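Report on one structure; see the data block that follows.
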Amino acid sequence: MAKQPNLLAFPNVSALARALRTYIIQCQTAGLHRHDVFKIAVSGGSLLNTLAQALLAPASSDEDVVKFNKWEIFFADERAVPLDHEDSNYNLLKTELLDKIPENMGKPTVHPIDVAHLDDTQELADQYEKVLVNSFAARDSVKLPIFDLLLLGCGPDGHTCSLFPGHELLRESDAWVAPIEDSPKPPSKRITLTLPVVTHGVKIAFVATGEGKKEIMKKIFEEANGLPCTLVNEGAGDRCTWFTDAAAVDGVSYPRRGSL
Ligand SMILES: O=C(O)[C@H](O)[C@@H](O)[C@H](O)[C@H](O)COP(=O)(O)O
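Just so we're aligned, residue 1 is where the sequence shown starts under the working numbering, counting upward by one.
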């Protein structure tokens, strides 16, 4: 049987953030070992606040250092809006994290969307795919870009990135980045990494916190239902780790751990 995803449950978000930091640093070490850079993709939503809490805490030892100058940050999904728009995931990452990084922690390289193509989501997605091609090597030499870590959120309907339940985009097997014009979660126009890219990451981590996630967590961990989050679990197996708090997993019958 394929190895199962890891479900970690912490008493609260602060404890979760501490463990998330340890996990990200492990992924950073592995990335630096692989190619002297750490390639991470992040979604939007509440996870960015938890991420900032995790990363901006002071280092507790020489092994616990976040080496931002070695980071390349990509967007697992992005809304087709200007970068300073309140709906922009880039804007959220900037205000939650980038603007708060002290100078002595280094500066990550960040890859936002090219806002010259906001009116044409196919072009917006194609241009973002080119960014990946440039960073990960030519598209014909690598079948899929392999991120060191994808850090994702989970919607109350089981969506992740901008991959929504029942949407035809879940069957996309060629493009690395795809447009969506009918996102049920506003704004409707977005781009997203496709499922094969998400599931081929070296590591995939979800952050799901709060009572609002508990019903969907039961579905994701107790049924085979074709929900986007379930498909990521099935495709990634034990390369996938969920960081949750007690409220999000209340009543979920799936073996969970309280530490990494
Ligand atoms: O741009 C987006 O809409 C996000 O990338 C989306 O996939 C998000 O991560 C989830 O909806 C969870 O968001 P919350 O944690 O805020 O519920």
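All C-beta atoms in this analysis are idealised placements derived from N, C-alpha and C, irrespective of residue type, glycine included.
Everything numeric in this text was worked out from a predicted model, so none of it was measured.
Query, Result
"How is residue 129 classed by DSSP in three states: helix, strand or coil?", "helix"
"Looking only at its own chain, which residues have a Cβ that is under 6 Å from the Cβ of residue 229, when we skip the five neighbours before and after it?", "154, 158, 160, 220"
"Just how far apart, CA to CA, sit residue 163 and residue 181?", "12 Å"
"According to DSSP, simplified to helix, strand and coil, what is residue 1?", "In this prediction, residue 1 scores a pLDDT of 48, lower than 50, which makes its location untrustworthy; no coordinate-derived value is stated."
"Under a three-way DSSP split, which group does residue 66 fall into?", "coil"
"How would you label residue 1, buried or exposed, when you count the other beta carbons within 10 angstroms and need 16 or more for buried?", "In this prediction, residue 1 has a pLDDT of 48, which is less than 50 and means its spatial position is unreliable; what the coordinates show is noted afterwards. Under this definition residue 1 is an exposed residue."
"Less than 8 Å between the C-beta atoms of residue 78 and residue 190, yes or no?", "yes"
"Using only the heavy atoms of ligand 1, determine whether one of them is closer than 7 Å to the beta carbon of residue 161.", "yes"
"How about the region 123-135 and the region 169-185: do they share at least three Cβ pairs that are nearer than 8 Å?", "yes"
"Should residue 154 be listed as close to ligand 1, given that the test is whether its C-beta is under 7 Å from any heavy atom?", "yes"
"Determine, using beta carbons only, whether residue 208 and residue 244 come nearer to each other than 8 Å.", "yes"
"Along the chain, which unbroken stretches of the alpha helix (DSSP H) at least 4 residues long are found entirely within the region 59-126?", "89-96"
"Between residue 182 and ligand 1, is the CB less than 7 Å from at least one heavy atom?", "no"
"Run through the DSSP bridge pairs and tell me what residue 36 is partnered with.", "Note: residue 36 sits in no beta bridge, so no partner."
"Tell me whether residue 84, by its Cβ, gets closer than 7 Å to a heavy atom of ligand 1.", "no"
"Residue range of the alpha helix (DSSP H) that residue 216 falls in?", "214-222"
"Short of 6 Å in beta carbon distance, which residues of its chain neighbour residue 172, apart from the five on each side in sequence? Order them along the chain.", "178, 194"
"Considering only C-alpha positions, which residue in the set 80, 22, 34, 45 is nearest to residue 61?", "22"
"Give me the DSSP bridge partner(s) of residue 209.", "None; residue 209 has no bridge partner."
"With which residues is residue 177 paired in a DSSP beta bridge?", "193"
"Reducing DSSP to helix, strand and coil, say where residue 257 ends up.", "strand"
"Sort out for me which residues DSSP pairs residue 6 with in a bridge.", "241"
"In terms of residue numbering, what span does the alpha helix (DSSP H) encompassing residue 235 cover?", "228-236"
"Note down, in chain order, each residue of its chain lying with its Cβ closer than 6 Å to the Cβ of residue 255, except the 5 sequence neighbours on either side.", "none"
"Assuming residue 148 and residue 73 form a contact by the criterion Cβ under 8 Å, report the distance between their Cβ atoms to the nearest whole angstrom.", "11 Å between Cβ atoms; not a contact."
"Taking residue 152 as part of the beta strand (DSSP E), name the residues at either end of that continuous run.", "149-153"
"Looking at ligand 1, does it come within less than 7 Å of residue 237, judged from the CB to the closest heavy atom?", "no"
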